[in-house]
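Under the working numbering, the first residue of the sequence shown carries the number 9, and numbering increases by one thereafter. Built from N, CA and C at the ideal position, the CB exists for glycine as well. Quick notes on the structure that follows.
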Amino acid sequence: MTNPIPQFPAGFLWGVSTSAHQIEGAVAEREQSVWDAFTAEPGRVKDGSTAAVACDHYHRYREDVALLADLGVDAYRFSVSWPRVRSPKGLDFYDRLVDELCAAGVRPVPTLFHWDLPVGLDWLRRDTAERFAEHVAVVAERLGDRVTKWITLNEPAEHTLLGHALGAHAPGRQLMFDALPVAHHQLLAHGLAVRALRAAGASDVGIANSHGPTWPASEEPADVEAAAFYDLLLNRLFAEPLILGAYPDGMGELMPGDVEADLKTIAEPIDFYGVNYYAPTRVGSPQGADIEFGGLTIPAELPFSVRQIEGVPVTDFGWPVVPSGLTELLTGFRERYGDRLPPVVVTENGCSYPGLDDQDRIAYLDGHVRALHDAVEAGVDVRGYFVWSLLDNFEWAEGYERRFGLVHVDFATQARTPKSSYGWYRELLRAQR
């Protein structure tokens, strides 16, 4: 490396992330999820594909753990498929995976829900939060003797927005603001899961929330107001109930049930706050028409519009590449929440680019790791960084057209080929030892 990345604090956790539905395959060996039902509907996935096989990780996990060991990561963040562990055979799989990771010297970091809700459950219903806590207790009892770091939920904001408000993801509902109960019930599920994990003896528990800075399209009051509302919906709505024990700006009045009592559960203390960061968002007032942005249709009736950020590179997903946004986000959280903010772990950061010699991905990751170090230097307590993702995988409604992996997967043969970025990350990890 010509310009070495500065050293991070001792004990800093370096890792990579995946999710069950995106890599495991083996659909016949588990119950159905809402994503199976969604992808069975014609037109839901751009290339018409499903995750029935995906990376076949269920049958090839030993090969993938060997890639992790060779990479030299401290930890591997994966998700536990709720539909899979409803049978003992599914729990057996995660038993084997965790044993393999421990034998390879890689710390397992399970996420207990990453969007693959079992068919028959519904986040519009409060009792799904209670069913989730039961699921968490079962997994913790089985794996808790070897797992010390747990993540409850992945990106409840995206699951609410894309799956229930806009209908672009499973379960495909277009409820707009009537989807708010989905947000509340997921946050309640998080709090109940924290309690279940504590009861099982867990001492290192957090969440993985997606966040990014929100930039007004201009200084015009209408744009500033629209950006503030977007920030409220995508950042503050999912952070402040956990960190401050309160919904922001009257949003609690829109939530179902005994919100004050629920907030006591939602705000159960956590040991780290996971942040998934990809890009800032430039937001302006509504433009009176649907907008296509980053593979998503933003409906005209929303009280904001998403605009392009000019003058920066974009990934092949069309997402802007702004490493300094990560510094801005984390220092902004520190200023906003002060000592109430738990230690931060960047639980996802990555990009979609084609090819094996993926120099654009190397530049992206290099810039973001440096930006993260800037946040550490500015006084943010950051404890870890996880690249999304280990493998090219099933990228939700994009199918297999977007490749986020450090390792290329030929989906016809399942051959794994480390990309240039895999070698770059391995060298970074060696330099950080």
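Can you name, in chain order, every residue of its own chain whose Cβ lies under 8 angstroms from the Cβ of residue i, other than the five neighbours on each side?
i: E108; result: Y69, R70 and V73
i: D443; result: The requested residue 443 is not part of the displayed model; the chain covers only 9 to 441.
i: V322; result: P328 and V329
i: G220; result: L242, N243, Y285, Y286, A287, P288, T289, G333 and L337
i: E233; result: S293
Ignore the nearest five residues each way along the sequence and tell me which others in residue i's own chain have a CB closer than 7 angstroms to its CB.
i: L205; result: V144, A148, W158 and V213
i: W396; result: S25, E356, N357, G358 and F412
i: V320; result: P328, V329 and V330
i: A208; result: A145, A148, E149 and G152
i: R342; result: L349, G387 and V388
i: E406; result: K54 and G303
i: G282; result: I159, G214, I215, A216, N217, V353 and T355
i: G375; result: P331
i: H67; result: A34
i: A60; result: G33 and V35
i: I31; result: A62, C63, H65, L399 and N401
i: V190; result: W131, L132, T168 and H172
Just to confirm my understanding: we take residue i, look at its own chain, exclude 5 residues before and 5 after, and list those with CB closer than 6 angstroms. What are they?
i: S218; result: E163, A165, E166 and N284
i: T160; result: L120, H198, A201 and I215
i: M9; result: Confidence at M9 is low in this model, with a pLDDT of 46, below 50, so its placement is unreliable and the value that follows should be read with caution. Within the same chain, M9 has no close Cβ partners at all.
i: L373; result: none
i: G431; result: none
i: T156; result: D212
i: A48; result: none
i: E403; result: R410
i: G80; result: R434 and L437
i: A210; result: W158
i: D270; result: L196
i: G260; result: V267
i: R94; result: E39
Please report the residue range of the beta strand (DSSP E) in which residue i lies.
i: L21; result: L21 to S25
i: F394; result: V390 to W396
i: G292; result: T289 to G292
i: G456; result: Here the chain has residues from 9 to 441 only, and residue 456 is not among them.
i: L304; result: L304 to I306
i: T355; result: V352 to E356
i: I299; result: I299 to F301
Just curious, the alpha helix (DSSP H) that residue i is in, first and last residue?
i: D447; result: Not covered by the structure: residue 447. The range shown for the chain is 9 to 441.
i: P249; result: L245 to I251
i: E435; result: S428 to A439
i: T273; result: V267 to I274
i: I370; result: Q367 to E385
i: E108; result: P96 to A111
i: E166; result: P164 to T168
i: I31; result: A28 to I31
What do you get for residue i, buried or exposed, if any count of 16 or more other CB atoms within 10 angstroms of its CB means buried?
i: T355; result: buried
i: P14; result: exposed
i: N401; result: buried
i: R315; result: buried
i: L242; result: buried
i: P249; result: buried
i: G6; result: The chain is shown from 9 up to 441; residue 6 falls before or after that span and cannot be answered.
i: K427; result: buried
i: F185; result: exposed
i: D266; result: exposed
i: T305; result: exposed
i: S89; result: buried
i: G98; result: buried
i: T421; result: exposed
i: L364; result: exposed
i: Y433; result: buried
i: R92; result: buried
i: R154; result: exposed
i: R424; result: buried
i: R104; result: exposed
Can you tell me whether residue i sits near the ligand MN, meaning its C-beta is under 6 angstroms from at least one heavy atom of the ligand?
i: I278; result: This structure does not include the ligand MN; it has no bound ligands of any sort.
Answer with yes or no whether the minimum CB distance from residue i to chain C is below 7 angstroms.
i: V53; result: Considering every chain present, this structure includes no chain C. It has just one protein chain.
Runs of alpha helix (DSSP H) lying entirely within the stretch 315 to 343, each at least 4 residues, in chain order: none
Go through the stretch 34 to 85 residue by residue and report every complete run of the alpha helix (DSSP H) that reaches 4 residues or more, in order. 42 to 47 and 65 to 79
Ignoring anything shorter than 4 residues or poking outside the stretch 202 to 228, list the alpha helix (DSSP H) runs there in chain order. none
List in chain order: all unbroken alpha helix (DSSP H) runs of 4+ residues lying wholly within the stretch 120 to 160. 135 to 151
Cβ contact (3+ pairs, closer than 8 angstroms) linking the stretch 379 to 394 and the stretch 38 to 51: no
For the structure I just gave you, are there three or more beta carbon pairs, one from the stretch 273 to 283 and one from the stretch 223 to 240, closer than 8 angstroms? no
Any 3 or more C-beta pairs closer than 8 angstroms across the stretch 109 to 119 and the stretch 75 to 94: yes
Should the stretch 122 to 133 be called in touch with the stretch 170 to 182, which here means at least 3 C-beta pairs below 8 angstroms? yes
Counting Cβ pairs closer than 8 angstroms, one from the stretch 305 to 314 and one from the stretch 234 to 241, do we hit at least three? yes
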